[in-house]
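Protein sequences appear in the order of chains D and F. Residues in the first sequence are numbered consecutively from 1, following my numbering. Residues in the second sequence are numbered consecutively from 1, following my numbering. Report on the structure given below.
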Amino acid sequence: MTLVLQTVDRVCAFPPRMTEFTRRFWQGLAAGCFETTRCDDCERLTFPPKPFCPHCWSKRIAWVTLSGRGKLYSQTVVHAAPAAFQDEVPYRVGIVDLDEGLRIATRVLSDIEPKLDTAVEIVVLDYRDGPLFAARAIS
Amino acid sequence: MPPRGDGAACIVLVDEEIAKASGKPYVRVRGRGFFHEGAHQINEVPNDMIALVSAEKAGQAAYEEAGIAASDIDLAELYAPCTIIEVLASEALGLVPRGQGARLCFEGVTSLGGRIPVCTSGGLQSRGHPAHVTPFYSLFEVNEQLTGRAGERQVANARLAVTSAELGNYNAALVHVLEGVR
């Protein structure tokens, strides 16, 4: 599934630290693909992607593509931000339960307060220096 | 959130015979419980984030070891840096019914003079939050209460108290039940 890309014409305020292992995630995201890892032994997913399984400690993991769809579990608006995000206040963050049964924390794109349990999708924020992701209500 | 402060606390742990021999009031550790849900902050396995399951399980273990029920507790000193956390931890530890914590706090049930005073020290917001010392600070407050030295904050006839400490988003909790011996 290909995610919607939104161009953001500036650099990330706090660029993610990319490692040899997570490079695949960020490159996939840049191409509109929301990926994570799944354990070959116990078959459980984890997010963010990890080189081991946090449930059974196996190192036999494989990359899988997520639907990028889920439900909004909680949300709030940040008015007092850490220095790096000072220029972006107020901004909305939330907790999303992905359809695959994973709970993630993410930016939420919405000018109005979204209802909890709203169906959301992950979109790619295409910054000048790389991609980030956010959730928005499925219209 | 309160700002982090500096602080120090000192707790003397001895065999009960030594405490008795001192001839002074002392506090006995009646029960202890610990639970870690295996995640930090937001658990990737969806759970009820306002149930504070670790506090609930650690509390049950501590009450069981002490051979008491939550309703036997006279006061509680909880690790609650935010207002909502005191409400949720009070509920998770069975001091007030689920979903009633905020209303009962507003009605004075958890105030000094209420049925179950919570955070007689003033709590982390007004007493102060020397982060890593805070759980010891809470034990100190309970010690003052159970030995009858809490002055204007004294809970009348306080005999059993519960304390909590946590990490993350109450992803882990350590709960103690303490008893004053006078």
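Heads up, the beta-carbon is just placed ideally off N, CA and C, and yes, glycines get one too. All values reported here derive from a predicted model rather than from experimental measurement.
- Residue Gln125/F holds the alpha-carbon nearest to the alpha-carbon of Ile84/F among Ala66/F, Gln125/F, Pro117/F and Glu44/F.
- Its chain contains no residue whose beta carbon lies nearer than 6 Å to that of Met49/F once the 5 sequence neighbours on both sides are disregarded.
- Closest in alpha carbon position to Arg115/F, among Tyr170/F, Leu13/F and Cys105/F, is Cys105/F.
- Contact annotation: Ala84/D and Ala134/D have beta-carbon atoms that are not nearer than 7 Å.
- Between the C-alpha atoms of Cys33/D and Tyr137/F there is a straight-line separation of about 49 Å.
- The beta carbon of Ala172/F sits closer than 6 Å to those of His36 and Ser54, all from its chain and outside the five residues before and after it, given in chain order.
- The continuous stretches of alpha helix (DSSP H) do not include Ile11/F, and DSSP gives it neither H nor E.
- The C-beta of Glu44/F comes closer than 7 Å to at least one C-beta of chain D.
- Interface annotation, Phe34/D: not in contact with chain F, CB-CB separation never under 7 Å.
- Under DSSP, Asp97/D forms a beta bridge with Lys71/D and Arg103/D.
- A Cβ of chain F is located within less than 7 Å of the beta carbon of Ala105/D.
- For the pair Val118/F and Ala76/F, the CB atoms are nearer than the 7 Å cut-off.
- At a C-beta separation below 8 Å, Gly101/D has these neighbours in chain F: Val45 and Pro46.
- Between the alpha carbons of Ala80/F and Gln6/D lies a distance of about 40 Å.
- Assignment of Glu121/D by DSSP, reduced to helix, strand and coil, places it in the strand class.
- Excluding five sequence positions before and after Leu29/D, the CB atoms of its chain that fall closer than 7 Å to its own CB belong to Val124, Pro131 and Phe133, given in chain order.
- With a cutoff of 7 Å on beta-carbon distance, Val4/D and Tyr127/D are scored as not near each other.
- Cys39/D has Ile61/D as its beta-bridge partners, per DSSP.
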